Amino acid sequence: MSSLRRWTARGLDVLAVLIVLVALVRFVVLPRLHHGPVQAPPVLLATLDGGRFDLARRHGRLVFLDFWASWCDPCRASIPMVQHFRRTHPGVDVVSVDVGEPVALVRPFAAQFKMDDVALDPDQTVAHAFGVTGYPTVVAIDGAGRVRASWVGFDPDIERAMGEVAASGR
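All the letters of the sequence shown, read from the start, carry residue numbers 88 to 257 under the numbering used here.
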């Protein structure tokens, strides 16, 4: 009987491991696989200059959304890169999206860093819709409104990658 118990216990252990592996693949690995471009969610945000940014009105243009926050050190490091990309690629739209902060904090920060085209996502709705999990995150959206690429964190090579997306006309 003890041999049967050992086999049963071992079988249950194997079954438990298999269940965990299947769950990991289903809920962690598969969602991260890139299955081609997906439609960007609707974006309508107030801008720091009192206007509104509506992604739908940018149809036909390549748009880069740069999600950031003033407390984020990598974001601070990436701002000059994003501003440089904006100046050197006039054919694309680059919008810096502050996430989760009040205008009273964002306005002096944006002025200090000489930031242009700043939009506000105070309740993080747009960041969540794009699945932003870390800052900074840059998302490239093509003229048909599809997400073509995204980058999380700061790496100077991101500017080169953004340039490649811009050059490809996507």
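Each residue gets a CB set at the ideal place from its N, CA and C atoms; glycine is no exception.
These numbers come from a predicted model, not from an experiment.
Separation of R144 and D242 (C-alpha to C-alpha, rounded to the nearest whole angstrom) is 30 angstroms. Here D136 is exposed: its Cβ has fewer than 16 other Cβ atoms, across all protein chains shown, within 10 Å.
In this structure, the alpha-carbon of A197 lies about 31 angstroms from that of P124.
Here V219 is not near I245, since their CB atoms are 8 angstroms or more apart.
Residue range L131 to T134 is occupied by the beta strand (DSSP E) that includes A133, with no alpha helix (DSSP H) assigned at that position.
When C-alpha distances from A133 are compared across P167, G221, F151 and T212, the shortest belongs to T212. Contact between V184 and L142 does not hold, since the beta-carbon distance rounds to 11 angstroms and is not under 8 angstroms.
DSSP lists no beta-bridge partner residue for L142. Cα atoms of G250 and D100: separation of roughly 51 angstroms, rounded to the nearest angstrom. Residue pairing by DSSP places Q126 opposite R233 in a beta bridge. Between the C-alpha atoms of W238 and P189 there is a straight-line separation of about 25 angstroms. Around V234, the same chain offers P124, V125, Q126, A127, F217, V226, A227 and I228 as residues with beta carbons nearer than 8 angstroms, after the five sequence neighbours per side are excluded. For A156, there is no enclosing alpha helix (DSSP H), since its DSSP letter is neither H nor E.
Around the CB of L102, fewer than 16 other CB atoms lie within 10 Å, so the residue is classed as exposed. Nearest Cα to A206 within the set A231, P161, V130 and V179: V130. Secondary structure at T220: coil, using DSSP grouped into helix, strand and coil.
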